[in-house]
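*Asks:* Numbering (the UniProt record's numbering), first residue to last: 1 to 763. Glycine included, C-beta positions come from ideal geometry on N, C-alpha and C. Small disclaimer: the values here were computed from a predicted structure and weren't measured. The structure under discussion is supplied below as structure tokens; questions concerning it will follow.
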């Protein structure tokens, strides 16, 4: 049972039970007072803690807003730009949230803390004061009453009457005070029900308003969050592909570092130990210097650099080289030494020491050094490629046959073009379909070839072409447009560049893009979105000539170009571009590759030097490209077609391996790299300003060459003593077929040497 009501009539009787009832009411109000004081204290602590949280959140937001990602390369993709800006977005979101929290704290102070404290002071405090007065009046009344009752009856009547009047006055005042006190007790007991709860209701309303504001912020943030998730998925997918490429490049460099040593066609660089002679009796010392040799000017720049001193760079010295001679150990008791005759210091000989035998050969070749013992710097040639793919009618027929089969039999297969076939079967199918004497197989009805084998064969065919479908000559232009500009300008630029491609290339590319657009239209079933297809086909259709980390960093921009081609295939390939302000008046075609269509040359830097270039082109020292096993099967990806090493030729790949890609990764965007799409072939090409042979000229049967004349149609700089350097229009005599496929032997100005076959025309 609750508190007993206090009857006003009992104020006159003032019974013990009435007093007990009053005590019960007083005890309840004391408990309420303590509760409010404790709640107020906890509320203060809550506000202070929330302020500390807000300060920490704001500091966290400030830290987010001040940081900015650095990126590798000279441009960022749209996805990377969004990711870069995301930290500022997160910071803004947190600051907005903290503004709402700060407003909530102010509202809690006004709606909860102040009303509770006001009730405690103005009402509970008044009751406490009333109780003191009531107790004082009680003491005064009963003391007066006892004093009156103790008076002697012998007192005079006026005295007794006066005493009676005084006590009566005190009694009336006491009873009046008792009535007011009882009324106040019961009033406060009833008032506390809403005076305490109403501020709590306002408190929770304030809290819920804050959370609702957070919900509204989350709703506003949701669209950005979803877009950012796609940006992150795309970036992760490109990262996986680039990482596999980087690891594969690192593996190839680790296996043959000298082949990747030279990074420029006109300069060489590396460490040399230089002998510095001192006056007697100190002898001489050897100082390590980072040296760069510029071939054309024959200038050797030497920079002192000590790794042990924290990478401190010292002085740089430059000398002009007159000649270079290998220094034998019988002359100097040190290995790998070279003797340099300096032009600008007559009579001065500079002795330098290479780091190893291979390094010694590298510097000898770079500086045109003489071998006292007739040592010949040999060349290593690659094995014949197993796939003789050409962009001709047979290849086009294979493309159409494959596309028809894929669209008929497997357009909805999950991971289409991502899940790869067994390498030996893929090789066999490509060889069969590009064989003019045996290419009548209808893949749409044949049960001998599954869909993943057909898709892998299609990619392998495109990767095996002597030059990428989108050509070396236009590679930089395609990459440049993907690095900047608005989406509309990119589409227009791609449209223009596509129509610069040779007719055959554009025809095949259009056929492929139309097919990939159909594949993307079924992405709900096959999980191959436009972005996923871009990852697969970017490196397949576009490849740089140089095999470097910088080139691998541009893989993400290749994907962007392919995505544009897929999304706008109808416009790009159906209609001619309306305006191309950056394009030249005449179409620009890529020059023919220097390598034979059947043979690539290893350990070979880029063979074309453009004298009009304003900067040194960074090109790979690996030659025209690694063997097919490197290109198609050794990409370090979990989708690798084969497990063969990069040194094996395609014909040697007998191990059958079927590495399946987890299909769950396709829907999440965290996709592995396609092995065929992710590899790189480095094939030198002539400058794109020169016209290419027409398709008809390319398809002409090879003529026998027996001591004829030939005319140069492209300039070429020799990269080896056995080759000839020449400019456009040079006339060669005594031209004959070389034993090396793809090359001729001829005579120019009395010097005999090798000539790239597709750089000249027979007269």
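1) Count the other CB atoms, across all protein chains shown, that sit within 10 Å of the CB of residue 120; report buried if there are 16 or more and exposed otherwise.
2) Between which two residues does the beta strand (DSSP E) holding residue 83 run?
3) Which class does residue 188 belong to by DSSP, given the choice of helix, strand or coil?
4) Does the region 400 to 409 come into contact with the region 436 to 455, if we say contact requires no fewer than three beta-carbon pairs (one atom in each stretch) closer than 8 Å?
5) How far does the alpha helix (DSSP H) with residue 7 in it extend, from its first residue to its last?
6) Whose C-alpha, out of 759, 397, 288, is nearest the C-alpha of residue 307?
7) Where does residue 18 fall in DSSP's three states?
8) The beta strand (DSSP E) spanning residue 756 covers which residue range?
9) Rounded to the nearest angstrom, what separates residue 108 and residue 101 at their Cα positions?
10) Quick check on the DSSP output: the alpha helix (DSSP H) that includes residue 332 runs from which residue to which?
11) According to DSSP, simplified to helix, strand and coil, what is residue 734?
12) Decide if residue 558 is buried, meaning its Cβ has at least 16 other Cβ atoms within 10 Å, or exposed.
13) For residue 214 and residue 75, what's the separation of their Cα atoms in angstroms?
14) Check whether the region 452 to 469 touches the region 480 to 498, taking contact to mean three or more Cβ pairs, one atom from each stretch, closer than 8 Å.
15) Just to confirm the assignment, what range does the alpha helix (DSSP H) spanning residue 390 have?
16) I want to know whether the region 226 to 235 touches the region 69 to 87 - three or more CB-CB distances under 8 Å.
17) Short check: CB of residue 328 to CB of residue 275, under 9 Å?
18) Please report the Cβ distance between residue 98 and residue 57, rounded to the nearest whole angstrom; I am assuming they are in contact, meaning their Cβ atoms lie under 8 Å.
19) Which same chain residues end up closer than 7 Å to residue 778 when comparing Cβ atoms and leaving out the 5 residues on each side of it in sequence?
20) Does the distance from the CB of residue 185 to the CB of residue 6 come in under 9 Å?
21) Compute the beta-carbon to beta-carbon distance between residue 710 and residue 750, rounded to the nearest angstrom, for a pair I have assumed lies under 8 Å.
22) Could you pull the start and end residues of the beta strand (DSSP E) that residue 270 belongs to?
23) Got a sec, what are the start and stop residues for the alpha helix (DSSP H) residue 141 sits in?
24) In the DSSP output, what is residue 353 paired with across the bridge?
25) Expressed to the nearest angstrom, what Euclidean distance is found between the alpha-carbon atoms of residue 49 and residue 40?
26) Assess, as a yes-or-no matter, whether the region 163 to 179 is touched by the region 135 to 145 under the definition of 3 or more beta carbon pairs within less than 8 Å.
27) Buried or exposed: which applies to residue 539, given that a residue is buried once 16 or more other Cβ atoms fall within 10 Å of its Cβ?
28) DSSP on residue 434, reduced to helix/strand/coil?
29) Any idea what DSSP makes of residue 531, helix, strand or coil?
30) Can you check DSSP and say which residues form a bridge with residue 323?
31) Below 8 Å on the Cβ atoms is my contact criterion, and I expect residue 421 with residue 527 to pass it. Report the Cβ-Cβ distance as a whole number of Å.
32) Go ahead and pull the three-state DSSP assignment for residue 298.
33) Which whole runs of the alpha helix (DSSP H) in the region 435 to 468 are 4 residues long or more, in chain order?
34) Among the candidates 315, 575, 387, whose CA atom is the shortest distance from the CA of residue 492?
35) Run the proximity test for residue 119: is its beta-carbon closer than 8 Å to any non-hydrogen atom belonging to the ligand MG?
36) Tell me which residues share the same chain as residue 69 and place their Cβ nearer than 6 Å to its Cβ, disregarding the 5 neighbours each side in the sequence.
*Replies:* The structure says:
1) As a working mapping, residue 120 is identified with position 120 in the chain shown. Buried: at least 16 other Cβ atoms inside 10 Å.
2) If you number the chain shown from 1, residue 83 lands on position 83. No beta strand (DSSP E) holds residue 83; the alpha helix (DSSP H) holding it covers 78 to 108.
3) Position 188 of the chain shown holds residue 188. Three-state DSSP puts residue 188 in a helix.
4) yes
5) Locating residue 7 in the chain shown gives position 7, where the first residue counts as 1. First-last for residue 7: undefined, no H or E at that position.
6) Indexing the chain shown from 1 puts residue 307 at position 307. Selected option, being the one with the closest Cα: 288.
7) For this step, residue 18 is matched to residue 18 along the chain shown. Here residue 18 sits in helix by DSSP.
8) Position 756 of the chain shown, counting from 1, holds the residue named residue 756. Here the beta strand (DSSP E) through residue 756 covers 751 to 756.
9) In the chain shown, residue 108 corresponds to position 108, counting from 1. In the chain shown, residue 101 corresponds to position 101, counting from 1. Residue 108 and residue 101: Cα-Cα distance of roughly 10 Å.
10) Looking up residue 332 in the chain shown gives position 332. No alpha helix (DSSP H) contains residue 332, which DSSP labels as neither H nor E.
11) Taking the first residue of the chain shown as 1, we reach residue 734 at position 734. Reduced to three states, the DSSP call for residue 734 is strand.
12) For the purposes of this step, residue 558 is identified with residue 558 of the chain shown, where counting begins at 1. With 16 or more Cβ atoms within 10 Å of its Cβ, residue 558 is classed as buried.
13) Reading the chain shown from its first residue, position 214 is the one you call residue 214. Reading the chain shown from its first residue, position 75 is the one you call residue 75. If I take the Cα positions, the gap works out to 36 Å.
14) no
15) For the purposes of this step, residue 390 is identified with residue 390 of the chain shown, where counting begins at 1. It is not in any alpha helix (DSSP H) - residue 390 carries neither H nor E in the DSSP assignment.
16) yes
17) By one-based count along the chain shown, residue 328 stands at place 328. By one-based count along the chain shown, residue 275 stands at place 275. Their beta carbons are not under 9 Å apart, which means residue 328 does not touch residue 275 by this criterion.
18) To locate residue 98, count along the chain shown from 1; it is residue 98. To locate residue 57, count along the chain shown from 1; it is residue 57. Going by Cβ atoms, the distance from residue 98 to residue 57 rounds to 5 Å, so yes, they are a contact pair.
19) It is not possible to answer for residue 778, since the shown part of the chain is limited to 1 through 763.
20) Taking the chain shown and counting its residues from 1, one reaches residue 185 at position 185. Taking the chain shown and counting its residues from 1, one reaches residue 6 at position 6. Yes, the Cβ-Cβ distance between residue 185 and residue 6 is below 9 Å.
21) As a working mapping, residue 710 is identified with position 710 in the chain shown. As a working mapping, residue 750 is identified with position 750 in the chain shown. Contact doesn't hold; Cβ gap of about 16 Å is too wide.
22) Your numbering for residue 270 matches position 270 in the chain shown. Per DSSP, residue 270 belongs to the beta strand (DSSP E) from 267 to 277.
23) Within the chain shown, residue 141 is the residue found at index 141, counting from 1. Looking at the DSSP string, the run of the alpha helix (DSSP H) that includes residue 141 is 125 to 149.
24) Walking along the chain shown from the start, residue 353 turns up at place 353. Looking at the DSSP assignment, residue 353 forms a beta bridge with 273, 337.
25) For the purposes of this step, residue 49 is identified with residue 49 of the chain shown, where counting begins at 1. For the purposes of this step, residue 40 is identified with residue 40 of the chain shown, where counting begins at 1. Those two C-alpha atoms are separated by around 14 Å.
26) yes
27) What you label residue 539 is simply residue 539 of the chain shown in a count that begins at 1. The residue is buried, with at least 16 neighbouring Cβ atoms inside 10 Å.
28) Here residue 434 is taken as the residue at index 434 of the chain shown, counted from 1. In this structure, residue 434 counts as coil in the three-state DSSP scheme.
29) Position 531 of the chain shown, counted from the start, is the residue given in the question as residue 531. Three-state result, residue 531: helix.
30) By one-based count along the chain shown, residue 323 stands at place 323. Paired residue(s): 341.
31) For the purposes of this step, residue 421 is taken as the residue at position 421 of the chain shown. For the purposes of this step, residue 527 is taken as the residue at position 527 of the chain shown. Not a contact, Cβ separation roughly 18 Å.
32) Within the chain shown, residue 298 is the residue found at index 298, counting from 1. Residue state, collapsed to three classes: coil.
33) 451 to 463
34) In the chain shown, the residue the question calls residue 492 occupies position 492. It is 575.
35) No copy of the ligand MG appears in this structure; indeed no ligand is present at all.
36) As a working mapping, residue 69 is identified with position 69 in the chain shown. Counting only Cβ-Cβ distances below 6 Å, and skipping sequence neighbours, we find 84.
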